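Note sheet for the following structure.
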Amino acid sequence: MAIETHGSGEYRYVEGQLRRSPKPVALRGLNKNYNHDLKSIFKTTAVRASSAAGPLHEFYESLLAKGSKEVLARLTLAYNMLRYLLGAVRALG
Numbered sequence: 015m016a017i018e019t020h021g022s023g024e025y026r027y028v029e030g031q032l033r034r035s036p037k038p039v040a041l042r043g044l045n046k047n048y049n050h051d052l053k054s055i056f057k058t059t060a061v062r063a064s065s066a067a068g069p070l071h072e073f074y075e076s077l078l079a080k081g082s083k084e085v086l087a088r089l090t091l092a093y094n095m096l097r098y099l100l101g102a103v104r105a106l107g
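Counting in this note's numbering, the sequence shown runs from 15 upward without gaps.
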């Protein structure tokens with residue numbers, strides 16, 4: 015999945031010169047040519063994992079306990095599942 019990382023606050027004017035902002039670049043979501051099927055698979059899996067018993071549900075509950083919104087907790091869950099999957103694929107290949 016391709017993540018967009020640019021934003022309007024990435025650059026600013028300092029003493030008349032355009033300079034890169036020292037703040038870290040924020041994630042802005044998926045780019046326009048992302049894989050729609052993969053996104054659907056990970057969203058569906060995150061929703062099911064957040065409602066079924068198991069370690070992923072415990073992780074989801076811990077995010078909610080820290081004050082995350084439900085939508086953002088599911089997104090974090092989906093990104094973590096993707097990260098683990100990519101790690102496993104790299105380890106095999």
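Just so you know, even glycine gets a beta-carbon here, dropped at the ideal spot from N, CA and C.
Quantities reported herein were computed from a predicted structural model and do not represent experimental measurements.
- The continuous alpha helix (DSSP H) containing Y93 extends over residues 84-106.
- Assigned with DSSP and collapsed to three states, Y25 falls in strand.
- Here S54 is exposed. Its C-beta has fewer than 16 other C-beta atoms within 10 Å.
- Note on S65: under 16 other CB atoms within 10 angstroms of its CB, so exposed under the neighbour-count rule.
- Residue pairing for L32: DSSP places it in a beta bridge opposite Y27.
- Just so you know, the alpha carbons of K37 and E24 end up roughly 8 Å apart.
- Ranked by how close their Cα comes to the Cα of L91, the residues L99, N49, Y48, A60 have A60 in first place.
- By the neighbour-count definition (other C-beta atoms within 10 Å, threshold 16), A79 is an exposed residue.
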